[in-house]
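In my numbering, the protein residues as written are 163 to 547. Backbone N, C-alpha and C define an ideal beta-carbon position, used for all residues, glycine too. Predicted model only: the values in this text are computed from it and were never measured.
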């Protein structure tokens, strides 16, 4: 059994759904899809079939025809009506959602992490491909072109309720066959602004409760004591950041009784490493510790998650967050008000390796740091890589 790559709900063998693809078939408002996308959505005829209770060996029809136009139909998620990639039900998906306040670097990290993961899979003798043309086009046009062709910074993610919000399309990566089954990694980006406002009726964000993992990012340059020591070393941030505590509290509300893994990621870690150059500063000695886990990157040496190295980094980053004054953030995860204790781990990453110069990446290019740690952690738990 796998999950829908859009709403992250489990797709069971007992319920199937199809949508007509004939362009001449009438489009009608789709209230179900509208709730899950956050914008007015129209669909052609939807047909749903339940497994008959007295037929345990029942299989759905292979070539279902639309009752109205008699033309072919394509499988969709029974819950949200998202069109499923070919052969989706025969595979297994690991679903990851991005979270964080504005300007924490979620999209930049996502763009670089996918490129790094592609290199890692190739080193293992495999290949990483996009399972849908829409996802591939989104990655190329939004992430890859900005970072690797224009050598610039990805613009802030638009809120989900805008008609042209590209992040409604999940990035679905096919990792290959592991354990005799085709495996997919699904990534969903989210605008920080969507998580900073009330989420009480945000049905289009309900996928957080059904995710396998959530990558929640924290930007240390938003901490005044850190920013005050870096004015001569780091360019001023062009986009205003949001409150990470509000975002994390809203995130926990969205999760509810769900059981995703939570990766708390200290982003833009290259700025923290620069503090070793601030002579006499309170952070100079801490960030000059060459034996610390946050000073080295396991890189491509192994496809598997190194639990020993990961444990060391986990406690180091937790200590750094405490010193950064983010104890409230730590407590929200370790002792949530909901009483739903989730598996969590702390990470430190730098997507670019050096601070951007305005809207441009550093002239030395991209030299990412520990970007694969969170995704290795998640995939290793599912027996992948």
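Annotation for residue 306: 273 place their beta carbon closer than 7 Å to its own, counting only its chain and skipping 5 residues before and after.
With a cutoff of 8 Å on beta-carbon distance, residue 204 and residue 189 are scored as near each other. When the alpha-carbon of residue 317 is set against those of 206, 414, 267, 252, the nearest one is in 267. Rounded to whole angstroms, the gap between the alpha carbons of residue 212 and residue 544 is 29 Å. In the three-state reduction of the DSSP assignment, residue 237 falls in the strand class, which pools E and B.
If you draw a straight line from the Cα of residue 525 to the Cα of residue 275, it comes to about 20 Å. Per DSSP, the beta bridge partners of residue 164 are 173. Residue 349 sits close to residue 332, with the two beta carbons spaced by under 8 Å. When rounded, the separation of the alpha-carbon atoms in residue 169 and residue 364 is 13 Å. Around the beta carbon of residue 286, a 10 Å sphere encloses fewer than 16 other beta carbons of the protein chains shown; the residue is thus reported as exposed.
Contact annotation: the stretch 365-377 does not touch the stretch 448-463, with fewer than three C-beta pairs closer than 8 Å. In this structure, the straight-line span from the alpha carbon of residue 242 to that of residue 208 is close to 11 Å. Annotation for residue 291: 336 place their beta carbon closer than 6 Å to its own, counting only its chain and skipping 5 residues before and after.
At a Cβ-Cβ threshold of 8 Å, residue 361 and residue 261 do not count as neighbours.
With respect to the 8 Å criterion, residue 427 and residue 462 are not classified as neighbours on the basis of their beta carbons. Look at residue 204 here: in three-state DSSP terms it is strand.
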